[in-house]
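S.K.: Numbering (UniProt numbering), first residue to last: 1 to 127.
Cβ atoms here follow ideal geometry from the backbone N, Cα and C, with glycine treated the same way.
Computed from a predicted structure; not experimentally measured.
Sending over a structure as structure tokens; questions will come in a sec.
Structure follows, in structure tokens:
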């Protein structure tokens with residue numbers, strides 16, 4: 001069985017290889033990107049929901065301009081941020097919870113850090 005770390009690393013490397021491909025930002029690229037997943041892609045949705053798992057405090061975000069937390073579980077860009085940046089869609093992949101109505105056609109992250117498809121990881125979940 002594949003270790004979660006190895007699966008995450010493989011996903012990250014795949015996204016990274018797409019972002020550094022020559023000519024990635026050509027007009028033939030996607031016009032919008034929607035991300036689904038867990039903390040590896042969560043760009044701040046957890047700041048808008050009732051959960052203990054949040055990244056709205058230091059040390060998160062200390063390497064971003066202004067040195068303020070962004071809601072990302074990272075000090076730098078997440079793989080989704082690199083992808084939208086490579087295709088010149090946006091600088092950062094916005095959290096869906098931060099999107100204004102009518103602006104989600106540009107891209108959005110629909111992720112949540114403690115997300116799991118397994119019931120034993122989220123016993124209070126109904127899905």
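Whose C-beta lies closer than 6 Å to the C-beta of residue 84 among residues of the same chain, with five residues either side of it excluded?
M.R.: 33, 90, 93 and 107
S.K.: Distance, Cα to Cα, residue 50 vs residue 28?
M.R.: Cα-Cα distance, rounded: 39 Å.
S.K.: Distance check for residue 9 and residue 96, CA to CA, integer angstroms please.
M.R.: 24 Å
S.K.: For the ligand FMN, I want to know if residue 55 counts as a neighbour, meaning its beta carbon is within less than 7 Å of at least one of the ligand's heavy atoms.
M.R.: For the structure depicted, the ligand FMN is absent and the ligand set is empty, with no information on it obtainable.
S.K.: Look at the alpha carbon of residue 87 and the alpha carbon of residue 30, and state the distance between them as a whole number of angstroms.
M.R.: Just so you know, the alpha carbons of residue 87 and residue 30 end up roughly 7 Å apart.
S.K.: Give the secondary structure of residue 60 by DSSP, where H, G and I count as helix, E and B as strand, and everything else as coil.
M.R.: coil
S.K.: State the DSSP-derived secondary structure class of residue 32, mapped to helix, strand or coil.
M.R.: coil
S.K.: What distance in whole Å lies between the Cβ atoms of residue 76 and residue 67, which are believed to be in contact at a cut-off of 8 Å?
M.R.: Not a contact, Cβ separation roughly 12 Å.
S.K.: Between residue 80 and the rest of its own chain, which residues show a CB-CB distance below 6 Å, the 5 nearest in sequence each way excluded?
M.R.: Excluding residues up to 5 positions away in sequence, 35, 41, 93 and 109 lie with their Cβ nearer than 6 Å to the Cβ of residue 80 in the same chain.
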